[in-house]
Amino acid sequence: MNELKNICVFCGSSEGNDLAIINAAKDLGIAFSDQNITLVYGAAKIGIMGILAQSVLDHHGEVIGIIPEFLKKKEVVHLGLSELITTKNMHERKLRMLEESDGFIALPGGMGTLEELFEMLTWLQLGLHQKPIALLNVNHFYDDLLQCLETMVRKGFLSMNNYNLLLVDSNIIQLLEKMKAFKPDDIPKWLKPERT
Ligand code: AMP
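Residue numbers for the sequence shown follow our numbering, beginning at 1047 and rising by one.
Quick look at the structure:
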């Protein structure tokens, strides 16, 4: 079983308009503090990002925010986090998110969320890391995206093996269990990095 001490969450910098998604962000924060999991995220106090971070903090959990210098504005950055890490740019931020985390979860969000999710997935697919990546499919939010991935498999652009690297569930506790049970052996052998 994987030990999940720190999990990085990608999610919307907007709140959206679905109460189920707002409640899921709050519930994820409670699950993290219950299971002693430190939240790693993009350090914003706005949108689903802010709701999630505040929920972890309100339940006495730990939160590490990682933000690039240019986004570190007073109206955006959450100043009450356990730790705030500033990076030179977006690329350095994502590398730091990878280094600080034992796994990744995407909650509903927009293009920024998708970009972060797919960069981590492609790095996993290429064998650059072996950490679990999961999608919390709140209220069918990601059904269309999953259907698009299935089309990629059907049309021969994505292998079933790599499709299965993305763990999916609508239930937080079950999603965390899937992440704990994820085996690096699921990554195609010829892509696995050499163990030192
Ligand atoms: P989006 O899904 O387009 O709202 O973008 C959210 C994702 O992109 C988050 O996971 C953040 O890491 C990053 N991001 C976008 N906007 C901001 C912001 N104003 N402050 C911090 N991070 C942001």
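Using N, Cα and C, we set each Cβ at its ideal position, and we do this for glycine too.
- Under the three-pair Cβ rule at 8 Å, the segment 1092-1112 counts as touching the segment 1058-1075.
- Excluding its 5 nearest sequence neighbours in each direction, I1218 has C-beta neighbours in its own chain below 8 Å: A1070, D1073, L1074, A1077, L1182, listed in chain order.
- At least one heavy atom of the ligand AMP sits closer than 6 Å to the Cβ of A1090.
- Beta-bridge analysis with DSSP links T1168 to no other residue.
- Taking the Cβ atoms as the reference, A1099 lies roughly 6 Å from L1085, within the contact range of under 8 Å.
- F1056 carries a strand assignment under DSSP once its states are collapsed to helix, strand and coil.
- Here L1050 carries a coil assignment [DSSP, helix/strand/coil].
- Around the beta carbon of M1047, a 10 Å sphere encloses fewer than 16 other beta carbons of the protein chains shown; the residue is thus reported as exposed.
- When DSSP reads this structure, D1215 sits in a beta bridge with L1182.
- A straight line joining the alpha-carbon of H1124 with that of K1177 spans about 27 Å.
- Judged by the Cβ position, T1132 fails to qualify as a neighbour of the ligand AMP at the 6 Å threshold, every heavy atom of the ligand being at least this far.
- The closest heavy atom of the ligand AMP lies 6 Å or more from the beta carbon of G1149.
- Three or more Cβ pairs closer than 8 Å define a contact, and the segment 1125-1135 falls short of that threshold against the segment 1201-1215.
- Using a 10 angstroms sphere on the CB of M1198, the tally of other CB atoms stays under 16, which defines it as exposed.
- Within a 10 Å sphere around the beta-carbon of E1145 sit fewer than 16 other beta-carbons, which makes this residue exposed.
- The straight-line gap separating the alpha-carbon atoms of T1132 and K1119 is approximately 12 Å.
- Exclusion of M1143 from the 6 Å shell around the ligand AMP follows from its C-beta lying no nearer than that to any non-hydrogen atom of the ligand.
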